[in-house]
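As numbered in my numbering, residues 13 to 352 make up the sequence shown, in order. Cβ coordinates follow ideal geometry from the N, Cα and C atoms, glycine included. Report on the structure given below.
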Amino acid sequence: MINPMNLALIGAGTIGRMHAANITFGVEGARLYGVADVFADAARTCAERYNIPRWTADYHELLADPKVDAVLVASATSTHADIVEAAAKAGKAIFAEKPIAKSLADADRALGAVTKAGVPFQIGFQRRFDPNFARVKQAIVKGEIGRPHIAHLVSRDPGPRTAGPVGVGGGVWFDMMIHDADMALWLIDDAAVEVYTQAAVLIAPGLEKYGEYDVAVVMVKFANGAIATIDNHTDAAYGYDQRAEVIGSAGAISIDNTYPHNAIVSDASGLHRAKPMPYFLERYQAVYRDEVQHFVNDVRDGKPIAVGVKEARDSLLLVLAAKKSHEERRAVRIAEVTAG
Ligand SMILES: NC(=O)c1ccc[n+]([C@@H]2O[C@H](COP(=O)([O-])OP(=O)(O)OC[C@H]3O[C@@H](n4cnc5c(N)ncnc54)[C@H](O)[C@@H]3O)[C@@H](O)[C@H]2O)c1
């Protein structure tokens, strides 16, 4: 057996600690060699918990360490582009949480460095590795539903997230909608050409002054004529809601949420079942492991990465166009945001 790949985790917050647990207990062929977090305590605690040999408050130290083969970027959204750029220049393979950036200029700077260095790069669109979403894709690829006409993507959070000050994270556009943008592009498998968005603040008054919204609906038109809708809500009363439906020329396929158990109690007042899995950590835990396992395997085997530079950029373009559409109250062509 070849030596395990040495991974450095950058960002030991909610998702970083989850990746640390997955890599320690569930990913083969890799081990955590280092962890960095600007909050030194977060890095130290994570290192102690998962027996990681090296920890630091400055990720540059890990990038300079020749023992580090690859980095997993799980820091705050606003830091991704700088860290990806620096990691590419240091010659490390990179797995980065989504989104790559909140602006096209930052994304192109980081992705340009990746391309120039020729290092492997995967972006964290874990839904592509989820068995439910993968089954929808398979139905399309195998022709089970004919030519896709309309895709509906529903992504609703169980309550507004409180981690970090407003502006550091990506909010509804860059943290939530970016996943649905990627799903729409993956499922329809064609170029998005135009979007139209309505967004509103209905849950957390005052959010709009930060350019943030808590509900949004987007219509996406593709070059082949297909249409996708994206439905984002940050406070669904019944919990975390992640569904999709695609209708095509020969039929439709839909996927439901997943549940902690499938018992249904029937009584005089109706049929009652458990709420869906509480949130992303529970809903996608095994999927987060699988996406990192794919990354490790592809890097080790020298295979092209399936969800990489193009997917990181295309999803951002779609979200930037969706945001612009809402701000300017009009349909926006994707070409408008690529023009700068
Ligand atoms: N793929 C998914 O489903 C998914 C789910 C949740 C979060 N995410 C993404 O993961 C990222 C982190 O989200 P989170 O929920 O863990 O946030 P979080 O606030 O819990 O953790 C972020 C951590 O990054 C650290 N950090 C910030 N700047 C840093 C820097 N320059 N160097 C090192 N560490 C730094 C912070 O101190 C914090 O500990 C976000 O970009 C988010 O979009 C993806």
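{"Asked": "V50 CB to nearest heavy atom of ligand 1 below 7 Å", "Found": "yes"}
{"Asked": "Check whether M17 and V311 have beta carbons under 8 Å apart", "Found": "yes"}
{"Asked": "Validate contact between the stretch 181–195 and the stretch 258–271 using beta carbons, cut 8 Å, 3 pairs", "Found": "no"}
{"Asked": "Entirely enclosed beta strand (DSSP E) segments - the stretch 59–127, minimum 3 residues", "Found": "66–68, 82–85, 105–108"}
{"Asked": "Nearest to R61 (by Cα), restricted to the options D70, L219, G46, G155", "Found": "G46"}
{"Asked": "Alpha-carbon spacing of G179 relative to A343, whole angstroms", "Found": "Confidence at G179 is low in this model, with a pLDDT of 49, below 50, so its placement is unreliable and the value that follows should be read with caution. Each residue's alpha carbon lies about 25 Å from the other."}
{"Asked": "Collapsed DSSP secondary structure at V308 in the structure displayed", "Found": "helix"}
{"Asked": "Neighbour-count burial assignment, T350, 16 or more Cβ in a 10 Å radius", "Found": "exposed"}
{"Asked": "Bounding residues of the beta strand (DSSP E) (the contiguous stretch that carries P160)", "Found": "160–168"}
{"Asked": "Local conformation of K221 per DSSP, three classes", "Found": "helix"}
{"Asked": "Burial state of Y252, where buried means 16 or more other Cβ atoms lie within 10 Å", "Found": "buried"}
{"Asked": "beta-carbon G28 near ligand 1 non-hydrogen atom, thresh 7 Å", "Found": "yes"}
{"Asked": "Runs of alpha helix (DSSP H) lying entirely within the stretch 247–334, each at least 4 residues, in chain order", "Found": "292–295, 297–313"}
{"Asked": "Cβ-Cβ distance between A122 and A113 below 8 Å", "Found": "yes"}
{"Asked": "Distance, V126 Cα to K101 Cα", "Found": "8 Å"}
{"Asked": "Span of the beta strand (DSSP E) around G46", "Found": "42–48"}
{"Asked": "Alpha helix (DSSP H) segment containing A196, residue limits", "Found": "190–200"}
{"Asked": "Backbone secondary structure at E340 - three-state DSSP", "Found": "helix"}
{"Asked": "As assigned by DSSP and simplified to three states, the class of V178", "Found": "Because the pLDDT of V178 is 49, which lies under 50, any placement of that residue in the model is unreliable, and the number read from its coordinates should be weighed accordingly. The answer is coil: DSSP assigns V178 none of H, G, I, E or B."}
{"Asked": "Classification of R325 by the beta-carbon crowding that lies within 10 angstroms, buried from 16 upward", "Found": "buried"}
{"Asked": "I135 in three-state terms, based on DSSP", "Found": "strand"}
{"Asked": "Close Cβ partners of I190 (< 6 Å) along its chain, the five nearest in sequence each way excluded", "Found": "K110, P111, S327, V331"}
{"Asked": "Any non-hydrogen atom of ligand 1 within 7 Å of A24 CB", "Found": "yes"}
{"Asked": "Distance between D94 and R285 (C-alpha atoms, nearest Å)", "Found": "45 Å"}
{"Asked": "Residues bridged to D243 (per DSSP)", "Found": "V166, V229"}
{"Asked": "Spatial neighbours of A248 in its chain, beta-carbon cut-off 8 Å, leaving aside the 5 residues before and after", "Found": "R168, D169, P170"}
{"Asked": "Same chain, Cβ closer than 6 Å to L293, five either side skipped, listed in chain order", "Found": "M30"}
{"Asked": "Rounded separation between S115 and G158 - CA only", "Found": "36 Å"}
{"Asked": "Distance CB(G320)-CB(F133) smaller than 8 Å", "Found": "yes"}
{"Asked": "Buried or exposed by the 16-neighbour rule on C-beta atoms within 10 Å, applied to L165", "Found": "buried"}
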